[in-house]
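Number of protein chains: 2
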Amino acid sequence: MNFTGYQGAFTFASRFESGEETNPEELVGAAQAGCYSMFLSALISGEGLNPESIETDAFVSLGGDDIGPKIDNIKLSTKVKCEGLSEEKFNELAQAAKEKCPISRLYAGGTAAVELEAELL
Amino acid sequence: MNFTGYQGAFTFASRFESGEETNPEELVGAAQAGCYSMFLSALISGEGLNPESIETDAFVSLGGDDIGPKIDNIKLSTKVKCEGLSEEKFNELAQAAKEKCPISRLYAGGTAAVELEAELL
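In the order they appear, the protein sequences are chains A and B.
Whatever position you read off the first sequence (first residue = 1), add 54 for the numbering used here.
Whatever position you read off the second sequence (first residue = 1), add 54 for the numbering used here.
Quick look at the structure:
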């Protein structure tokens, strides 16, 4: 399966200042937040439950070292509504989605530490 | 520096079929293509040259293994117009940008092999 197609505008201002367009850091955050939500939804459905809502934000921090700029931290924050899901099972699945979703696996081993804050509403 | 802000719609159809919205794989490709172009532009400018155009596409391949779906390959294809830039220096900088741009560094060590096709027009 090949994907190509997204075209988004970004500029020096939108990356390093406060322009309105997007930037690569936003895109990698959006990719992980979206993938994480989709993966967690599949895991919850696999338990025979039907999540009412899953909302995930990603906060991406850009730092730097001798080589140059680098993304050093991504914090995922997810909020889930789902009747019949126990706190224990929720925590297990939320962690599994962080380990196994394809975008998390793409970033694993790179420069970023990925943190997760998961809340069952 | 923290970034959050991109909100894009995607659905099961846009990810695995042919819906019109975006999907995480497109976003990670767009992030790397954009970051790569910006980084290569900075490297060329550092040589005292002024690139007329840098266009980069990313082709992202989704495969799978025992754990689940994974991004196994990203092909970057870049085309550059720049007066005064030699083929040798161009190849050196094109490769350096692939190694050093922050998004490449985020993906390094993960599931994807990143290939580069670089053409000086």
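Think of the CB as a built atom: it goes at the ideal place given N, C-alpha and C, for glycine as much as any other residue.
* Could you list which residues in chain B have their beta carbon closer than 9 Å to that of I125 (chain A), in chain order? => P156, I157, R159, L160
* Cα-Cα separation, Y161 (chain A) to G163 (chain B) -> 8 Å
* To do: Between the Cα of G88 (chain A) and those of B:E173, B:N77, B:F93, B:K143, spot the shortest distance and give me the residue it belongs to.
  => B:N77
* **Straight-line Cα distance separating S140 (chain B) from P156 (chain B)** => 25 Å
* Listed in chain order, which residues of the stretch 83-100 of chain A have Cβ atoms closer than 7 Å to some Cβ of chain B? -> G83, A84, A85, G88, C89
* To do: Return the chain-ordered list of same chain residues with a C-beta closer than 6 Å to the C-beta of E171 (chain A), the five sequence neighbours on each side being excluded.
  => S131
* Got a sec: is the Cβ-Cβ distance from A166 (chain A) to anything in chain E below 8 Å? -> Checking the listed chains, one finds no chain E in this structure; the protein chains it contains are A and B.
* To do: Determine the DSSP secondary structure at E153 (chain A), reduced to helix, strand or coil.
  => helix
* Would you verify that the beta carbon of P105 (chain B) is, or is not, closer than 8 Å to some beta carbon of chain A? => no
* To do: Using 10 angstroms around the beta-carbon of I128 (chain B), count the other beta-carbons present and answer buried if the total reaches 16, otherwise exposed.
  => buried
* To do: Specify, as a first and last residue, the run of the beta strand (DSSP E) that L130 (chain A) falls within.
  => 123-135
* Asked: Sorted by chain position, which residues of the same chain lie with C-beta nearer than 7 Å to T58 (chain B)'s C-beta, five sequence neighbours on each side aside?
  -> Here the model assigns T58 (chain B) a pLDDT of 40, short of 50, so the residue's position is not dependable, and the following value carries that caveat. Closer than 7 Å at Cβ, skipping near neighbours: no residue.
* With DSSP run on the structure shown, which of helix, strand or coil describes S107 (chain B)? -> strand
* Closer than 8 Å to chain B by CB, G163 (chain A) -> yes
* Straight-line gap, S95 (chain A) to V134 (chain A) (C-alpha atoms, nearest Å) -> 9 Å
* What are the boundary residues of the alpha helix (DSSP H) that includes L178 (chain B)? -> This structure cannot settle anything about residue 178 (chain B), because the visible part of chain B is limited to 55 through 175.
* Asked: Taking just the CA atoms, how far does L116 (chain B) sit from M55 (chain B)?
  -> In this prediction, M55 (chain B) has a pLDDT of 32, which is less than 50 and means its spatial position is unreliable; what the coordinates show is noted afterwards. Computed Cα separation, rounded: 31 Å.
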